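Visitor: In terms of this note's numbering, the sequence shown opens at residue 145 and continues consecutively.
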Amino acid sequence: MRQPTAGIHHITAFVQDAQGTVDFYSGILGLRLVKKTINFDAPEVYHLYFGNEIGKPGTIITFFPWAGSRKGRIGGGQVGITTYVVPPNSLDFWKQRLESFNVKVTEVERFQETYLQFQDTEGLRLEIVERESGENSNWSFGNVTTDKAIKGFGGAVLYSKAPEKTAETLESVMGLKRIGEEGSFVRYQATGDIGNIIDIDRSVTYDGIGGAGTVHHIAWRAQTDEEHTLWRTHVENSGYHPTKIIDRQYFHAIYFREHGEILFEIATDPPGFANDEAAENLGEKLMLPAWFEKYRHEIQSNLPDIEVRTLEEDVE
Ligand code: ZN
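1) Going by DSSP in three states, Thr290 sits in which element: helix, strand or coil?
2) When you compare only the Cα positions, how much space is there between His385 and Phe245?
3) Let me know the alpha helix (DSSP H) ranges lying completely inside the region 358-425, each 4 residues or longer, listed in chain order.
4) With DSSP as the reference, label Leu235 as helix, strand or coil.
5) Got a sec: does the ligand ZN put a non-hydrogen atom nearer than 6 Å to the Cβ of Glu409?
6) So does the region 341-353 actually touch the region 299-315, counting three or more Cβ pairs closer than 8 Å?
7) Val249: which of Thr335, Phe285, Arg217, Gln261 sits nearest, CA to CA?
8) By Cβ distance below 6 Å, which residues in the same chain neighbour Gln367 in space, the five residues on each side in sequence not counted?
9) Report all residues from its chain with a CB closer than 6 Å to the CB of His403; omit the five preceding and five following residues, and keep chain order.
10) Can you tell which of Glu274, Tyr350, Trp364 has the C-alpha that lies nearest to the C-alpha of Val317?
11) Under the three-state reduction of DSSP, which class applies to Leu314: helix, strand or coil?
12) With distances taken Cα to Cα, identify the nearest neighbour of Pro232 among Val452, Gly339, Glu257, Asp351.
13) Taking Cβ positions, are Phe207 and Thr165 nearer each other than 7 Å?
Laid out in C-alpha cells, this is it:
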C-alpha cells in the first residue's frame, strides 16, 4: 500500500563556502551536522547534511559547497523559501539570536502566523515559524536549548513557473490537501507533523537560475522501500519520467522535474544516517560509500577542512 507523502524528507541547496555553511546552519541555527560525505556524482565536492539529533526525515537540509561556483538566482522553478519550525514562545529568542549574529530579520504574517524571514550568508531565503506540531529536537548547541531548538522544517514556499500545474501535482501526485488561499499564496498540507505545510507563491514572475545560493531540489518522504517502488510507478503513471531508483546510502531516491520545473525527489525514510556510523558520532568523520573508499586519501586531500564550532557571538 502506498500512502500519500508525509511531507518533506530533505531540501538540498548549492552554496560556495563549506565552513560558512557549517557556521550558519550549526553555529547560528543550532542544527546538528549529521553527515559529512561527498557528492556521489562529483566526489571533489562535499555533501553536508544538517538536521535534528538523528537527522530525522523532515529535518534535513543538505548542501553541495563548491568554492568559486557560479551564483544562481532564486525564482520560478525552485523552492523559494525554506521554512523552519520552532516550539511556541521561542520566536523572540530566535529574533534576538539572529540579530546578535548580524542576520537581518523581517517579520511577516501569512495565514495568521508570524514568520521571521532572513537569508543565510549565500543568499538562501529562510524563515522561522512557531508551531505546536512536531517533536522537539534533542540537540542543543551554544545558547540554543532543546526547548527553543529548530524542530525541523515547517514546510517550504514554492516558486513555480506554472503554479496551477504545480498545485495539481501536489494534490494528485503527492497527495497533499489544499487547505487555504491568501493573496498570492495557496496552502497545502501533507499528513506528517513536520515538513508538512507547503505554500505556492503565485506572484513570482521571474525564472530562477540554478547555482550557488539556490535550492537544487526538494525531496518528499516515502515510508518504506516497498512503497518507494510503488511511488515510482505512480509518478510514471501520472505522466512524469522519474529516474531509476538510486542508492544514496542513507535513503533511496527517484527524481523528476514537475511541470512548474521544480526538481522533485522521492526519498525513503530508511535506512537513515546511523547506517554507516554510530548515532552518537554522526557527522564527525568523512563518510564514503564503499565504492569510493579506495580513493579516500585523494578525495580527502581535495576537500577543505571544516569544523563545527561555537561562534564568538554565542559566548555570553
Ligand atoms: Zn536529495
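We treat Cβ as the ideally placed atom computed from N, Cα and C, and that holds for glycine.
On a predicted model such as this, the values are computed, not experimentally measured, just so you know.
Guide: In terms of the structure at hand:
1) Thr290 sits in coil when the DSSP states are folded into three classes, being neither helix nor strand.
2) If you draw a straight line from the Cα of His385 to the Cα of Phe245, it comes to about 44 Å.
3) If we require 4 residues or more, the alpha helix (DSSP H) runs fully inside the region 358-425 come out as 369-381.
4) Under the three-state reduction of DSSP, Leu235 is assigned to helix.
5) Here the distance from the Cβ of Glu409 to the nearest heavy atom of the ligand ZN is below 6 Å.
6) With a cut-off of 8 Å, the region 299-315 and the region 341-353 count as touching, because enough Cβ pairs lie within range.
7) Proximity to Val249 across Thr335, Phe285, Arg217, Gln261 peaks at Gln261, based on C-alpha coordinates.
8) Excluding residues within five positions, the ones whose Cβ falls inside 6 Å are Asp413.
9) For His403, same chain residues with a beta-carbon under 6 Å away, outside a window of 5 residues either side, are Ala306, Lys309 in chain order.
10) Answer by Cα proximity: Trp364.
11) Here Leu314 sits in helix by DSSP.
12) The candidate whose alpha carbon is nearest that of Pro232 is Glu257.
13) Yes, the Cβ-Cβ distance between Phe207 and Thr165 is below 7 Å.
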